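A.B. asks: One structure follows; several queries about it will come next.
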Amino acid sequence: MTLVFRFYRACCGKGRRRRIIFNKARSIGADAAAAILAVGLFVGTGSARAAVDKPKVESDFRSWLQDVVKPAALKEGVSEATFDAATKDIAIDWTLPDLAPPGAPKLEGPQRQAEFADPGRYVAEANFVALAAEGQAELKKHAATLDAVEKRFGVPREIVVAIWGRESRFGKAKIGNVAVRALATEAFIGARKERFFTELIAALKVLQGDHVSLAEMKSSWAGAMGQPQFLPSKYLENAVDMDGDGKRDIWTSVPDVLGSIANYLKRHGWQPGRSWGIEVDLPKDAPCTLEGPDQAKPVAEWRKLGVAGRTGALPGGDVNLMAPAGRTGPTFLVTPNFYAIKEYNESDLYALFVGHLADRFKGGGPIQGKWTTPKGVARSEIALMQKRLERQGHDVGTADGLVGFRTRVAVGRWETQNGRAPTCFPTADDVKLIGR
Numbered sequence: 002m003t004l005v006f007r008f009y010r011a012c013c014g015k016g017r018r019r020r021i022i023f024n025k026a027r028s029i030g031a032d033a034a035a036a037i038l039a040v041g042l043f044v045g046t047g048s049a050r051a052a053v054d055k056p057k058v059e060s061d062f063r064s065w066l067q068d069v070v071k072p073a074a075l076k077e078g079v080s081e082a083t084f085d086a087a088t089k090d091i092a093i094d095w096t097l098p099d100l101a102p103p104g105a106p107k108l109e110g111p112q113r114q115a116e117f118a119d120p121g122r123y124v125a126e127a128n129f130v131a132l133a134a135e136g137q138a139e140l141k142k143h144a145a146t147l148d149a150v151e152k153r154f155g156v157p158r159e160i161v162v163a164i165w166g167r168e169s170r171f172g173k174a175k176i177g178n179v180a181v182r183a184l185a186t187e188a189f190i191g192a193r194k195e196r197f198f199t200e201l202i203a204a205l206k207v208l209q210g211d212h213v214s215l216a217e218m219k220s221s222w223a224g225a226m227g228q229p230q231f232l233p234s235k236y237l238e239n240a241v242d243m244d245g246d247g248k249r250d251i252w253t254s255v256p257d258v259l260g261s262i263a264n265y266l267k268r269h270g271w272q273p274g275r276s277w278g279i280e281v282d283l284p285k286d287a288p289c290t291l292e293g294p295d296q297a298k299p300v301a302e303w304r305k306l307g308v309a310g311r312t313g314a315l316p317g318g319d320v321n322l323m324a325p326a327g328r329t330g331p332t333f334l335v336t337p338n339f340y341a342i343k344e345y346n347e348s349d350l351y352a353l354f355v356g357h358l359a360d361r362f363k364g365g366g367p368i369q370g371k372w373t374t375p376k377g378v379a380r381s382e383i384a385l386m387q388k389r390l391e392r393q394g395h396d397v398g399t400a401d402g403l404v405g406f407r408t409r410v411a412v413g414r415w416e417t418q419n420g421r422a423p424t425c426f427p428t429a430d431d432v433k434l435i436g437r
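When we follow the numbering used here, the leftmost residue of the sequence shown carries the number 2, and every step to the right adds one.
What follows is the structure, given as structure tokens:
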């Protein structure tokens, strides 16, 4: 029901109407629920029903495929035969989320994200218990394959299996969309169509060059394919044939899945022999504004600041502070390998989830620090706060409404400048006060 929940949050309005649509969706299967939710978006009101001319949109879609997509695909080496076979029977998938066809009500998009607004929920202990037990069983089951993966790519098996578990529950998650149809739909009428066009062309290149059929090439609604959830462009760059059958099969071949994940990490900077990081105690007099990869220090300097590992010795070499909720949550010292994991998914908490799950496979315990993080603030309000901080000369990274490390540091510096004890994480009051 993941698709149902995503669609419900993003697309189904507010109040009583939103609850009615959602309760109806919960009582039926996921495929039917998606259709119900699509109705909630496109025909939920008289004005929306009248405004969206679906037959015309479908006709325009066919023209767009021929006039825009086909020339771009042929230019990238996709044969006319491959293109025609992939698009011959294709139609818009109106059940997908994040669609903005001509005449539809404007999508505001989700305003809260667990990875940023409520980090404690994303890495809650309950999220690890079952995955840790399942992952330990998978490590034993595929020990021989993982021996070969470690030898070839230098990435620890626990990290590889942790990503596998996070992305597709070790291959158990249902991945039901045909990638080309999903990507074509989103590239034509998606709210973020620009990001999908290049992936659609890449998907056609996968069909052209690899031994995978259109029907077998399944993805998420956003085009992330197979058990590792590679976008097509990432598949072309990183997928490997680990089982030696001449195919790069990330849908059904566990060796190819595991090898491809490890190859991705190797290509994105994994350093053999180093851990990802460790949870630490950050003394009160050690500034939380020292966070970020641009403030890495030798481990000896962190020791001088009184930073100590909670579960073992600090990792060697240059490391940096990572505090996903500032002083309102646990803190970590992380190595460059943390950022290799982050290349897989641009989220501090994703990388933390993977690293911690890998530790759990080896018998590690729960995250020890407590989360007292303030309730999430609307993303639009965070973005306004970031723009105010920028006008004051602070570097927030990007004013995108997400509380990344640069924004956390900027908030901490603003707190210090205004005589407040720095927490390096914005509260609702901070958002209102900053910039006044």
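Ideal placement from N, C-alpha and C gives every residue a C-beta, glycine not left out. All values reported here derive from a predicted model rather than from experimental measurement.
Verify whether the separation of the beta carbon atoms of Trp271 and Ala341 is less than 9 Å.
C.D. replies: By 1-based counting over the sequence shown, the position of residue 271 is 270. By 1-based counting over the sequence shown, the position of residue 341 is 340. Going by C-beta atoms, Trp271 is nearer than 9 Å to Ala341.
A.B. asks: Below 8 Å on the Cβ atoms is my contact criterion, and I expect Leu208 with Ala87 to pass it. Report the Cβ-Cβ distance as a whole number of Å.
C.D. replies: Working through the sequence shown from its first residue, we reach residue 208 at position 207. Working through the sequence shown from its first residue, we reach residue 87 at position 86. Indeed, because the Cβ distance is near 6 Å, the residues count as touching under 8 Å.
A.B. asks: What are the start and end residues of the beta strand (DSSP E) that includes Asn128?
C.D. replies: Residue numbering aside, residue 128 sits at position 127 when the sequence shown is read from its first letter. Element bounds for Asn128: not the beta strand (DSSP E) but the alpha helix (DSSP H), Ala127 to Lys142.
A.B. asks: Ignoring anything shorter than 3 residues, give me the beta strand (DSSP E) runs that lie fully in the segment 279-343, in order along the chain.
C.D. replies: Listed in chain order, they are 319-323 and 332-335.
A.B. asks: Span of the alpha helix (DSSP H) holding Ser60?
C.D. replies: Here residue 60 refers to the residue found at position 59 when the sequence shown is read from its first residue. Counting along the chain, the alpha helix (DSSP H) containing Ser60 begins and ends at Lys55 to Trp65.
A.B. asks: With distances taken between CB atoms, is the gap from Gly227 to Leu184 smaller than 9 Å?
C.D. replies: Residue mapping note: residue 227 aligns to position 226 of the sequence shown, counting from 1. Residue mapping note: residue 184 aligns to position 183 of the sequence shown, counting from 1. Cβ atoms of Gly227 and Leu184: not closer than 9 Å.
A.B. asks: What residue from Val156, Glu159 and Ser234 has the CA that sits closest to Val181's CA?
C.D. replies: In the sequence shown, residue 181 corresponds to position 180, counting from 1. Val181 has its Cα closest to that of Ser234, out of Val156, Glu159 and Ser234.
A.B. asks: Looking only at its own chain, which residues have a Cβ that is under 8 Å from the Cβ of Asp119, when we skip the five neighbours before and after it?
C.D. replies: Position 118 of the sequence shown holds residue 119. Cβ neighbours of Asp119 beyond the five flanking positions: Arg113, Thr374, Lys376 and Gly377.
A.B. asks: Let's test the definition: count the other Cβ atoms within 10 Å of the Cβ of Asp246 and tell me whether it reaches 16, buried, or not, exposed.
C.D. replies: Translated into the one-based positions of the sequence shown, residue 246 becomes position 245. Result: exposed.
A.B. asks: What three-state label does DSSP hand Ser221 in the structure shown?
C.D. replies: Along the sequence shown, one-based indexing puts residue 221 at 220. If DSSP states are grouped into helix, strand and coil, Ser221 belongs with coil.
A.B. asks: Between Ile1 and Val241, what straight-line distance do the alpha-carbon atoms span, to the nearest angstrom?
C.D. replies: Since the first residue of the chain shown is 2 and the last is 437, residue 1 is not available in this structure.
A.B. asks: What residue from Val410, His212 and Val70 has the CA that sits closest to His395's CA?
C.D. replies: Residue 395 sits at position 394 when you count from the first residue of the sequence shown. The shortest C-alpha separation from His395 is found at Val410.
A.B. asks: Can you find the residues in the same chain that come closer than 6 Å, C-beta to C-beta, to Trp386, ignoring five residues on each side of it along the sequence?
C.D. replies: For the purposes of this step, residue 386 is identified with residue 385 of the sequence shown, where counting begins at 1. Trp is not the amino acid found at residue 386; the sequence shown has Met there. Around Met386: Val432 and Ile435.
A.B. asks: Which partner residues of Gly191 appear in the DSSP bridge assignment?
C.D. replies: Locating residue 191 in the sequence shown gives position 190, counting from the first residue. Leu100, per the DSSP bridge assignment.
A.B. asks: Whole angstroms is fine: what's the gap from Thr417's alpha carbon to Leu100's?
C.D. replies: Taking the first residue of the sequence shown as position 1, residue 417 is located at position 416. Taking the first residue of the sequence shown as position 1, residue 100 is located at position 99. The straight-line gap from Cα to Cα measures roughly 43 Å.
A.B. asks: With distances taken Cα to Cα, identify the nearest neighbour of Met243 among Phe154, Phe362, Asp286 and Ala400.
C.D. replies: The residue given as residue 243 occupies position 242 in the sequence shown. Among Phe154, Phe362, Asp286 and Ala400, the Cα nearest to that of Met243 belongs to Phe154.
A.B. asks: Using a Cβ distance threshold of 8 Å, determine whether the segment 192-201 contacts the segment 278-298, with at least three qualifying pairs required.
C.D. replies: Touching, no.
A.B. asks: Nearest-angstrom Cα distance between Leu138 and Thr83?
C.D. replies: To locate residue 138, count along the sequence shown from 1; it is residue 137. To locate residue 83, count along the sequence shown from 1; it is residue 82. Checking the sequence shown, residue 138 turns out to be Ala, not Leu. For Ala138 and Thr83, the distance between alpha carbons rounds to 40 Å.
A.B. asks: Spell out the partners DSSP gives Phe231 in its beta bridges.
C.D. replies: Stepping through the sequence shown from its first residue, residue 231 is reached at position 230. Paired residue(s): Met226.
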